[in-house]
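Visitor: There's a structure below that I have some questions on.
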Amino acid sequence: MKTKSNLYRKEKYFGYLFILPPVVGFLLFTLYPALYSVYGSFTDWNGLGQMNFIGLDNFKDILTDDFFYKSMFNTLFLMIGIPIGLVISLLLALGLNRKIPGTTTFRVIYYVPVISSLAAISILWQWAYNGDYGLVNQFLDLFGIKGPNWLANTATVKPALIIMTIWKGLGYSMLLYLAALQSVSRSYYEAAELDGASGFKMFRHITWPMVKPVTFFLVVTNIIGGSQIFTEINIMTPTGGPEFSSATIVFYIWQKAFDNLQMGYASAMAVILGLFIFIITLVQFKMNERSSFDVD
Amino acid sequence: MVHTKQQKISNAFIFVLLCIGAIVMIAPLLWMVSTSFKDRQDVFALPPNWIPAVFHFNKYQEIWTAGPLLSGIINSLIVALTVTIIGTITSSLAAFAFAKLRFPYKNQIFLLLLSSMMIPYPAVMISQFIMFSEWGWVDTLLPLIVPGLFGNIIMIFFLRQYLYSIPNAIIEAAKIDGTSYFGIYARIIFPLIKPAIAAQLILWFMGIWNDYLPPILYLNSPEIQTLQIVIANFNANYAIQSDYPLIMAASVVSLLPILIIFLIFQRQIIESVAISGVKG
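As they're listed, the protein sequences go chains A and B. In terms of UniProt numbering, the first sequence opens at residue 1 and continues consecutively. In terms of UniProt numbering, the second sequence opens at residue 1 and continues consecutively.
Here is the structure:
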């Protein structure tokens, strides 16, 4: 008996030893900075001098900050691309799920933008959106349409970013949809066909229930990613676009913190963003629990 | 008969649509390559030439002196390799402990680590920046390397799932033989989960290679910048002179390593991404 309890105690120590690095990393590089940001949001922190507690002043100022509303609006506006991208990628996945030659090649081609660096992609699209010589306007020219200078125009800069984001993310959602579709047994469709079900009915009653969890996962991860857009804006419109019309919330936080050194104010905005993402993730966890019960 | 014929026609129609889609997806990238081989007048030719009349390779020589491209590649390699190699060891050890060892509060600690996925980088970036600048780490690669060495919760999560499929009996047998816990990890666990580790390592490597926000926050001196920052600076500096061939050549070079890795490990990458999505 004694040896067994010794062995067990040893197991305990090694267990703690093995998980020590990620736990220390979490405390030091995530939890501590996160709590410090919350504390900083109640101060007039400028990164250099003393931090004075100023209560809710930062949050009150945010409520009357036009730039905050504008960057928040822009961030949400850019999310219009999420449902469009999901519809297109579901259609692509439905197409690829048929007996068609070259499915692997298609998968690879559609996936290349996903693995490419966002910096290089942003540089490329900035050039593609060039008003005079860009690829996009040259393409439109084929149909006799004179394209605008996309990124220099308040009306077109957001649609331009949306198109690029859809293009970049299509392969990823398509891949997840395809994996979900391939898990549907063909016998369901065969049975439905024998019963004389129409294509639309089959989609609604067989395909859709199977891809619903993936859709939910993609919506949530896209919202989380979409609320943190920064790189594209920083490269393609370094000043936040015409009249700040492409500045996102993270872009604004960045500007306030590191250009204006208003770290307290920026932290307050970061806390608001963090809370938003925290809630979205929590919803996902809850819904995941529920949907896994459904399957069981 | 009618049915299969109809199906064939619709399949052909879908094939054509997918081809058009594939062209749309690949066209901007091809255009990037084509631009990189043009000279300046060619770039502004109307209508545009998809295939340059003369291929100019000189931009691919110029990029190495026009900016710190080589040091950018080296810096990115240093960061990505150090983090993924050491971080994979720490992550897989932790995954082993979480999946196979018994100790109090194991699941609570795991959930705590998992909660870090709910805290977005922008929410910690300001305090982290101040912390690292107090340590004198700004303008060094340390802020990009050190946090990753402690492991990656996503990797721990997937390896832990994977380890559940390995029977406990193997581990119990090794324990009775008197193998140490490090020995069990190195001789039994690691070889068994190697494929899962490889796929996760590749994905992590690509993520770090493509990272932009932390590097641009910390790296100021040209010789310390990672590749993504170097090409972003190419874009900022040479677009004014409309030297697009130069910018595109540098961008193509920055994309090539990842493209090659992707084409080689295409099956494993796509599989492990698909699994991660289905399991949520």
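Glycine included, each C-beta is placed from N, C-alpha and C at the ideal position. Here the structure is a predicted model, which is why all the values come from computation and not from measurement.
1) Does the beta-carbon of B/LEU17 have 16 or more other beta-carbons within 10 angstroms, so that it is buried, or is it exposed?
2) Can you tell me the Cβ-Cβ gap for A/ILE229 and A/LEU78, rounded? I've got them flagged as a contact below 8 Å.
3) Classify B/ILE20: buried if its beta carbon has 16 or more other beta carbons within 10 angstroms, exposed otherwise.
4) Are the stretch 137-145 of chain B and the stretch 204-218 of chain B touching, with three or more C-beta to C-beta distances below 8 Å?
5) Which parts of the stretch 40-105 of chain A are runs of the alpha helix (DSSP H), unbroken and 4 residues or longer, counting only runs that do not cross its ends?
6) Along chain A, which residues have their Cβ under 7 Å away from the Cβ of B/SER116?
7) I'd like the list of long-range same chain contacts for B/TRP31, defined as Cβ closer than 8 Å, with 5 residues on each side in sequence excluded.
8) Contact between the stretch 98-105 of chain B and the stretch 148-166 of chain B is defined here as three or more beta-carbon pairs at a separation below 8 Å; is this criterion met?
9) Looking only at its chain, what residues have a beta carbon closer than 7 Å to the beta carbon of B/VAL252, apart from the 5 residues adjacent to it on each side?
10) Whether or not the stretch 110-127 of chain B and the stretch 261-272 of chain A are in contact is what I'm after, with contact meaning three or more pairs of Cβ atoms, one per stretch, closer than 8 Å; do they touch?
11) Please list the partners that A/TYR36 has in chain B, where partner means a Cβ-to-Cβ separation under 7 Å.
12) Along the chain, which unbroken stretches of the alpha helix (DSSP H) at least 4 residues long are found entirely within the stretch 148-222 of chain B?
13) Taking its Cβ as the centre, do 16 or more other Cβ atoms sit within 10 Å of A/ILE249, making it buried, or is it exposed?
14) Beta-carbon within less than 8 Å of A/ILE80's beta-carbon, same chain only, minus the 5 sequence neighbours each way: which residues are those?
15) For the alpha helix (DSSP H) containing A/TRP125, list its first residue and its last residue.
16) Relative to the C-alpha of B/SER272, which candidate in B/LEU93, B/TYR105 and B/GLN161 has its C-alpha closest?
17) With H, G and I counted as helix, E and B as strand and the rest as coil, what does DSSP make of B/ARG102?
18) Are the beta-carbon atoms belonging to B/LEU159 and B/ALA95 less than 8 Å from one another?
19) Does DSSP put A/PRO21 in a helix, in a strand, or in coil?
20) Using the beta-carbon of each residue, which ones in chain A are nearer than 7 Å to B/TYR162?
21) What is the DSSP secondary structure of B/ILE119, counted as helix, strand or coil?
22) Kindly list the residues whose CB is nearer than 7 Å to the CB of A/ASN137, restricted to its own chain and excluding five residues on each side of it in sequence; keep chain order.
23) When burial is assigned at 16 or more other CB atoms within 10 Å of the CB, is B/SER180 buried or exposed?
24) With 8 Å set as the bound, which would you pick, yes or no: does the beta-carbon of A/PRO159 sit closer than that to a beta-carbon of chain B?
25) Does any CB atom of chain B fall closer than 8 Å to the CB of A/VAL219?
26) So, are the CB atoms of A/ALA197 and B/ILE119 less than 8 Å apart?
27) Can you have a look at B/LYS38 and say buried or exposed, based on whether 16 or more other CB atoms are within 10 angstroms of its CB?
28) For B/PRO52, which residues in the same chain have their Cβ closer than 6 Å to its Cβ, ignoring the five residues on either side in sequence?
29) Is B/GLY87 helix, strand or coil when you go by DSSP?
30) Does DSSP put B/ASP139 in a helix, in a strand, or in coil?
31) Quick one: does A/LEU176 have its CB under 8 Å from some CB of chain B?
32) Quick one: what does DSSP say B/GLN128 is sitting in, helix, strand or coil?
33) For B/LYS106, go through chain A and note every residue whose CB falls closer than 9 Å to its CB, in chain order.
34) Quick check on DSSP: helix, strand or coil for A/ASP171?
35) Given a threshold of 16 other Cβ atoms within 10 Å of its Cβ, counted over all protein chains shown, does A/ALA247 qualify as buried or as exposed?
36) Mind checking the stretch 77-100 of chain A against chain B and listing, in chain order, the residues whose C-beta falls within less than 8 Å of any C-beta there?
Guide: Result, derived from the coordinates:
1) exposed
2) 6 Å
3) exposed
4) yes
5) 57-63, 66-78 and 81-96
6) PHE26 and THR30
7) TRP50
8) yes
9) MET32, VAL33 and SER36
10) yes
11) SER127
12) 153-163, 168-176, 190-210 and 213-218
13) buried
14) ILE162
15) 118-128
16) B/GLN161
17) coil
18) yes
19) helix
20) By Cβ distance, chain A contributes nothing, its closest Cβ being about 16 Å from B/TYR162, past 7 Å.
21) coil
22) GLY131 and GLY147
23) exposed
24) no
25) no
26) no
27) buried
28) PHE37, LYS38 and ASP42
29) helix
30) coil
31) yes
32) helix
33) GLY15 and ILE19
34) Residue identity differs from the one stated: residue 171 of chain A is Gly in this sequence, not Asp. DSSP places A/GLY171 in helix when its eight states are reduced to three.
35) buried
36) LEU92, GLY95, LEU96, ARG98, LYS99 and ILE100
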